[in-house]
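Down below is the structure, laid out as structure tokens.
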Amino acid sequence: MLISMLASLIKGYTLVDDNEDSVLHIGGIFPIGGKGGWQGGQACEPAASLALEDVNNRKDLLPGFTLKLHWNDSECEPGLGASVMYNLLYNKPQKLMLLAGCSTVCTTVAEAAKMWNLVVLCYGASSPALSDRNRFPTLFRTHPSATVHNPTRIKLMEKFGWSRVAILQQAEEVFISTVEDLEARCKESGIEIVTRQSFLSDPTDAVRNLRRQDARIIVGLFYVVAARRVLCEMYKQNIHGKSYVWFFIGWYGVHWAYLSARFSCSKTSEDFRVRLNEMLQKSGYEIDHNRFPEGYQEAPLAYDAVWAVALGKT
Numbered sequence: 003m004l005i006s007m008l009a010s011l012i013k014g015y016t017l018v019d020d021n022e023d024s025v026l027h028i029g030g031i032f033p034i035g036g037k038g039g040w041q042g043g044q045a046c047e048p049a050a051s052l053a054l055e056d057v058n059n060r061k062d063l064l065p066g067f068t069l070k071l072h073w074n075d076s077e078c079e080p081g082l083g084a085s086v087m088y089n090l091l092y093n094k095p096q097k098l099m100l101l102a103g104c105s106t107v108c109t110t111v112a113e114a115a116k117m118w119n120l121v122v123l124c125y126g127a128s129s130p131a132l133s134d135r136n137r138f139p140t141l142f143r144t145h146p147s148a149t150v151h152n153p154t155r156i157k158l159m160e161k162f163g164w165s166r167v168a169i170l171q172q173a174e175e176v177f178i179s180t181v182e183d184l185e186a187r188c189k190e191s192g193i194e195i196v197t198r199q200s201f202l203s204d205p206t207d208a209v210r211n212l213r214r215q216d217a218r219i220i221v222g223l224f225y226v227v228a229a230r231r232v233l234c235e236m237y238k239q240n241i242h243g244k245s246y247v248w249f250f251i252g253w254y255g256v257h258w259a260y261l262s263a264r265f266s267c268s269k270t271s272e273d274f275r276v277r278l279n280e281m282l283q284k285s286g287y288e289i290d291h292n293r294f295p296e297g298y299q300e301a302p303l304a305y306d307a308v309w310a311v312a313l314g315k316t
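See the structure below:
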């Protein structure tokens, strides 16, 4: 479906000027700055630019055409992401489609883009809600849904005989929809969810409620800034040690637990690193052989997204 839509879009451009080389303009929305959410655009923008260079060097892919990317930073903020989208669309040159990342931004952008029948290709958005074709008819993505990790979570619970678990989530749709899928799978497997706690930015009360419910196996779903706050609270509330297991997301930066001077917590970075050994962390297998001290696993997905655009013509 993506290939046929892109082929039609590109064919539309040939009607405008089929006698000389044309530039196909793509809009890009990358989460690079900001204080919260996901800043994967720091790696995904260079990856997309590299892919553009590789595609444009292949004259057999889009004969007579060149792809050009126009982008700006969304800071993983939906409001700013919408502003970036409107600026891209209402300023020349005309954009063929949009590349976007960060689930909250992709949700906002894709809901608006369907009004123009504009294709949005997300390279870094794992929200299960984005799979709803009725709600997002023009959205496609190279990033898998976050629900792909839930079967593994269930298998681990069954393997170790954990029949009672708790869930701690940030109140964002990407995590809410992931938890809904996890709850359904737990019910099918006979695993009881003793409590489900959510928070906006301050997890203090939510973590306190975990302790009151005597939660021992805890699945945590939140962005990295919130993850640091959760770690602080689990120490303060003494919900750590051999009697507890925490599941954390594995796509945080390598040194995400290091504290900056602006982050207020009674624990040091060394305390954080020690306690990380007490968590089960879903993480991709790293094959960089120590060539890079830190990176984002989604960079190849941004590279593939550009190639998906180019191969839509073949």
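Counting in our numbering, the sequence shown runs from 3 upward without gaps. Ideal Cβ placement from N, Cα and C applies to all residues, glycine included.
In this structure, DSSP gives LEU120 a state outside helix and strand, which the three-state scheme calls coil. Contiguous beta strand (DSSP E) elements confined to the region 216–240 occur at 219–223, taking only those with 3 or more residues. The count of Cβ pairs closer than 8 Å, one atom from the region 83–91 and one from the region 149–168, stays below three, leaving the stretches out of contact.
Residues TRP164, VAL167, VAL247 of the same chain have their beta carbon placed closer than 6 Å to that of ILE219, with the five preceding and five following residues left out of the count.
The beta-bridge partner set that DSSP reports for ILE28 consists of LEU71, MET99. Rounded to the nearest angstrom, the gap between the Cα atoms of PRO146 and LEU132 is 10 Å. Under the criterion of beta carbons closer than 8 Å, LEU223 and ILE251 qualify as touching, at roughly 7 Å. For ALA168, DSSP records a beta bridge to THR197, ILE220.
DSSP lists VAL122 as the bridge partner or partners of LEU141. Rounded to whole angstroms, SER51 and LEU71 show a C-alpha spacing of 8 Å.
Selection ASP216, SER105, ARG213, PRO205 evaluated against SER179 yields SER105 as nearest (Cα-Cα).
For TRP248, the secondary structure class from DSSP, reduced to helix, strand or coil, is strand. In the three-state DSSP reduction, ASP62 falls in the coil class, being neither helix nor strand. Exposed is the label assigned to PRO95, since fewer than 16 other Cβ atoms lie within 10 Å of its Cβ. Contact check for PHE32 against GLY81 fails: the beta carbons are separated by 8 Å or more. Going by DSSP, ILE156 is part of the alpha helix (DSSP H) stretching over 152–161.
The alpha carbon of LEU64 has as its nearest neighbour, out of LEU26, ALA49, ASP207, LEU90, the alpha carbon of LEU26. Excluding the 5 residues flanking it on each side, GLY35 has same chain C-beta neighbours closer than 6 Å at ASP75, GLU77, in chain order. A direct Cα-Cα distance of roughly 8 Å separates PRO139 from ALA112.
The continuous alpha helix (DSSP H) containing TYR305 extends over residues 301–313.
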